[in-house]
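In UniProt numbering, the protein residues as written are 1 to 288.
In structure tokens:
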């Protein structure tokens with residue numbers, strides 16, 4: 001297990017963590033000021049400042065991208081499927097332009113939530129089938145762009161609206177069917193907020209192996225959790241066995257960044273950006 005205690009060279013900041021404190025250019029400048037060497041931006045933040053400006057800022061400050069958020073939201077009715085296809089191809093292109101290590105896929109839930117305007121459907125199995133079909137189609141495009149796709153399973157509470165892939169096992173099953181040769185083109189983003197509870201977690205981490213573990217996200221699960229979307233905890237403030245999970249991921253050969261991703265309407269989004277980043281650095285060294 002790598003020693004994080006003396007520096008934060010392997011810390012990445014998912015830019016959602018400080019999205020309320022400034023635009024992407026301000027976040028990039030602040031990260032550089034704190035000696036943070038990697039980020040994972042969100043597409044809406046890139047769109048706000050413009051892709052060219054985002055690419056230039058990343059290059060100016062010498063940052064790496066541990067990932068790019070996000071592609072996915074595949075389920076749609078017939079009227080919205082071309083929209084989903086085009087949107088995901090643009091996401092691949094943006095990730096490639098920014099030099100991201102992977103494009104993170106939040107796969108979507110029922111069609112009318114994934115692609116607003118789609119007809120209402122309660123067919124969860126059908127949504128999961130559309131997800132796999134969508135990834136299969138996107139995979140060819142992503143291979144040509146040399147952009148790995150990382151399926152991020154989300155906690156089951158998001159099955160209807162955000163992601164009907166809810167465990168590492170489900171994500172890995174898709175990977176094995178679509179990329180049986182474990183080429184590195186398709187894998188998973190393991191976010192502790194979504195998978196810490198799973199009794200099969202450590203077996204599935206071993207199953208994933210180095211080839212499938214494309215991204216690793218950290219935060220903490222608060223008790224009580226006041227909002228299931230926007231009340232994630234800072235690492236060390238909750239109940240997740242962070243060091244144990246990282247040890248398991250690294251035992252399989254994962255050598256990438258530990259990416260902090262915190263949605264916190266009631267706490268961390270209310271604090272100054274410099275305070276949040278300084279705390280991320282301290283917790284990365286002490287509890288991650």
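For every residue, glycine included, the Cβ atom is placed at its ideal position computed from N, Cα and C. Note that the structure is predicted; figures quoted are calculated from it, not measured.
Taking the alpha carbon of residue i as the reference point, which residue from the options has its own alpha carbon closest?
i: residue 187; options: 202, 209 and 166; result: 209
i: residue 69; options: 270, 7, 259 and 284; result: 259
i: residue 163; options: 154, 170, 41 and 169; result: 154
i: residue 284; options: 218, 151, 267 and 274; result: 218
i: residue 241; options: 198, 272, 277 and 280; result: 198
i: residue 17; options: 48, 7, 231 and 239; result: 231
i: residue 233; options: 262, 211, 243 and 252; result: 262
i: residue 42; options: 32, 36, 54 and 31; result: 54
i: residue 289; options: 7, 266, 149 and 79; result: For the chain, the structure presents residues 1 to 288; residue 289 sits outside this window and is missing.
i: residue 133; options: 237, 85 and 98; result: 85
i: residue 106; options: 6, 246, 226 and 189; result: 189
i: residue 147; options: 97, 172 and 178; result: 97
i: residue 228; options: 101, 6 and 159; result: 159
i: residue 30; options: 63, 169 and 48; result: 63
i: residue 90; options: 103, 80, 79 and 78; result: 103
i: residue 236; options: 269, 281 and 57; result: 281
i: residue 288; options: 243, 279 and 80; result: 243
i: residue 131; options: 99, 166, 268 and 157; result: 166
i: residue 193; options: 175, 176 and 157; result: 157
i: residue 185; options: 137, 268, 225 and 191; result: 137
Quick one: is residue i buried, meaning 16 or more other Cβ sit within 10 Å of its Cβ, or exposed?
i: residue 88; result: buried
i: residue 203; result: exposed
i: residue 273; result: buried
i: residue 246; result: buried
i: residue 82; result: exposed
i: residue 239; result: exposed
i: residue 71; result: buried
i: residue 59; result: exposed
i: residue 264; result: buried
i: residue 52; result: exposed
Residues in its own chain within less than 6 Å of residue i by CB, not counting five upstream and five downstream?
i: residue 257; result: 10, 12, 38 and 66
i: residue 45; result: 15 and 24
i: residue 34; result: 277
i: residue 142; result: 92 and 149
i: residue 161; result: 109 and 113
i: residue 77; result: 111, 118 and 119
Which residues in the same chain as residue i place their Cβ atom closer than 8 Å to its Cβ, once the five residues preceding and following it in sequence are excluded?
i: residue 127; result: 75, 108, 109, 110, 111, 114, 121 and 164
Might you give, ordered along the chain, the residues of its own chain that have their beta carbon closer than 7 Å to the beta carbon of residue i, omitting 5 neighbours on each side?
i: residue 250; result: 1 and 2
i: residue 254; result: 210, 213 and 216
i: residue 252; result: 205, 206, 208, 209, 210 and 213
Could you pull the DSSP bridge partners for residue i from this structure?
i: residue 96; result: Paired residues: none, contrary to the question.
i: residue 260; result: 13 and 218
i: residue 186; result: 149
Start-end ranges of the alpha helix (DSSP H) lying completely within the stretch 31–81, minimum 4 residues | 43–49 and 51–60
Ordered list of alpha helix (DSSP H) runs contained in the stretch 104–167, each at least 4 residues = 111–114 and 124–145
Any chance you could list the alpha helix (DSSP H) runs of at least 4 consecutive residues sitting entirely within the stretch 191–221, in chain order?
-> 192–195 and 201–212
Those runs of the alpha helix (DSSP H) which lie wholly inside the stretch 225–249 and span at least 4 residues = none
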